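**Student:** Each residue of the sequence shown is one higher than the one before, counting from 890 in this note's numbering. Every residue, glycine too, gets a C-beta built ideally from N, C-alpha and C. Model, not experiment: these values are computed from the prediction.
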Amino acid sequence: MSIAEKKAISSQEEQMFWQAIDVSNSKKQASWDEYDIDEHLENLVKYLAQFEKNQLISFERVLQQKLAQLYTAEIAELSIIMECEFSKDEAGYNFDVYVSDDGFIYFRCWLILKGKEFFDDIQSDIQNFVSGKYSFDIGNCWAEGLLYVTDEAYSIAHDNEDEAEVRDAVGEQYPENDYDGGDYEMQRDIYAGNALHKTYPRLVEEICELRVS
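#1: For residue 1052, does the count of other Cβ atoms within 10 angstroms reach 16, so buried, or fall short, so exposed?
#2: Nearest CA to the CA of residue 1094: which residue from 960, 1060, 1046, 980?
#3: Taking the alpha helix (DSSP H) that residue 1089 belongs to, which residues open and close that run?
#4: Can you give me the Cβ contacts of residue 1099 inside the same chain, cut-off strictly under 7 Å, excluding the 5 residues immediately before and after it?
#5: Buried or exposed for residue 1077, going by 16 or more other Cβ atoms inside 10 Å?
#6: Specify the secondary structure class of residue 916 as computed by DSSP and reduced to three states.
#7: Whole angstroms are fine: how far does the CA of residue 960 sit from the CA of residue 934?
#8: Buried or exposed: residue 922, going by 16 or more other Cβ atoms within 10 Å of its Cβ?
#9: Would you check if the region 1024–1043 and the region 925–939 touch, i.e. whether three or more CB-CB distances between them fall below 8 Å?
#10: Rounded C-beta distance between residue 998 and residue 985? I'm assuming under 8 Å.
#11: Just how far apart, CA to CA, sit residue 1040 and residue 944?
#12: Counting only runs of 3+ residues fully inside the region 927–985, write out the beta strand (DSSP E) ranges in chain order.
#13: Helix, strand or coil for residue 1060? Go by DSSP, reduced to three states.
#14: By Cβ distance, which residues of its chain are closer than 6 Å to residue 953, with the 5 residues on each side in sequence left out?
#15: Quick check on DSSP: helix, strand or coil for residue 1004?
#16: Let me make sure I understand the geometry here. Which of 898, 968, 1013 has the alpha-carbon closest to that of residue 991?
#17: Could you say which of 1003, 1008, 899 lies nearest to residue 1025 if we only look at CA atoms?
#18: For residue 1075 versus residue 957, is the C-beta distance shorter than 7 Å?
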């Protein structure tokens, strides 16, 4: 097997990953205020518990790749718009720019839990967040628990050494997928201050109006 073949994720693995995210969200057709992150994650753990270890490794591998794919300036800017303090002056909305390493990981987990269609849309253009297709509670935009679902699922029926056997296996087999300590760089500097409003006018105005309401 070549290095390229080892790194490639199959369409079957992709499909299994997104199906698990979708099936475990029992509130996807309900009003946004009925959705609960913890309930979604609990359902996901129960769903994954039916799979063999190699399938859990596959899920974890895809998850880590998706987290790495969202390590972009645009996604960081979406996080700033949704989470950082801001003020409004004659030049428009002005943001204090701060993105913590851990917080940005948890934010990307939250985006992934919204499903494949949303993931693809948001990668294409973060302003698709306010396209009218989606309705979310933006008061809680962190989903740290997604990082641990594979090992929690494995622990249900196995002795999970250090409670990280699946994640450790992915780290050993696919070190290039390391979403936390990987050698990733954003393609440009993150916009700050009023530049976010100038770049994403509709997104900023709609999100900021929600945040002060």
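**Tutor:** Reading it off the structure:
#1: For the purposes of this step, residue 1052 is taken as the residue at position 163 of the sequence shown. By the neighbour-count rule (16 or more Cβ atoms within 10 Å), residue 1052 is not buried but exposed.
#2: Position 205 of the sequence shown, counting from 1, holds the residue named residue 1094. Among 960, 1060, 1046, 980, the Cα nearest to that of residue 1094 is on 980.
#3: Position 200 of the sequence shown holds residue 1089. Note, residue 1089: premise wrong, no alpha helix (DSSP H); not H, not E.
#4: Counted from its first residue, the sequence shown places residue 1099 at position 210. Within the same chain, residue 1099 has close Cβ partners 1027.
#5: For this step, residue 1077 is matched to residue 188 along the sequence shown. Flag for residue 1077 reads exposed.
#6: For the purposes of this step, residue 916 is taken as residue 27 along the sequence shown, with counting starting at 1. DSSP places residue 916 in coil when its eight states are reduced to three.
#7: Position 45 of the sequence shown, counted from the start, is the residue given in the question as residue 934. Position 71 of the sequence shown, counted from the start, is the residue given in the question as residue 960. Residue 934 and residue 960: Cα-Cα distance of roughly 25 Å.
#8: By one-based count along the sequence shown, residue 922 stands at place 33. That one is exposed.
#9: yes
#10: Position 109 of the sequence shown, counting from 1, holds the residue named residue 998. Position 96 of the sequence shown, counting from 1, holds the residue named residue 985. Not a contact, Cβ separation roughly 23 Å.
#11: Looking up residue 1040 in the sequence shown gives position 151. Looking up residue 944 in the sequence shown gives position 55. Roughly 12 Å between the two C-alpha positions.
#12: 975–978, 981–984
#13: Within the sequence shown, residue 1060 is the residue found at index 171, counting from 1. Reduced to three states, the DSSP call for residue 1060 is helix.
#14: Residue numbering aside, residue 953 sits at position 64 when the sequence shown is read from its first letter. Result list for residue 953: 1066, 1068, in chain order.
#15: Numbered from its first residue, the sequence shown carries residue 1004 at position 115. Note: residue 1004 maps to coil in three-state DSSP.
#16: In the sequence shown, the residue the question calls residue 991 occupies position 102. It is 968.
#17: Residue 1025 sits at position 136 when you count from the first residue of the sequence shown. Nearest of 1003, 1008, 899 to residue 1025, Cα basis: 1003.
#18: Against the sequence shown, residue 1075 aligns to sequence position 186. Against the sequence shown, residue 957 aligns to sequence position 68. Not closer than 7 Å, so no.
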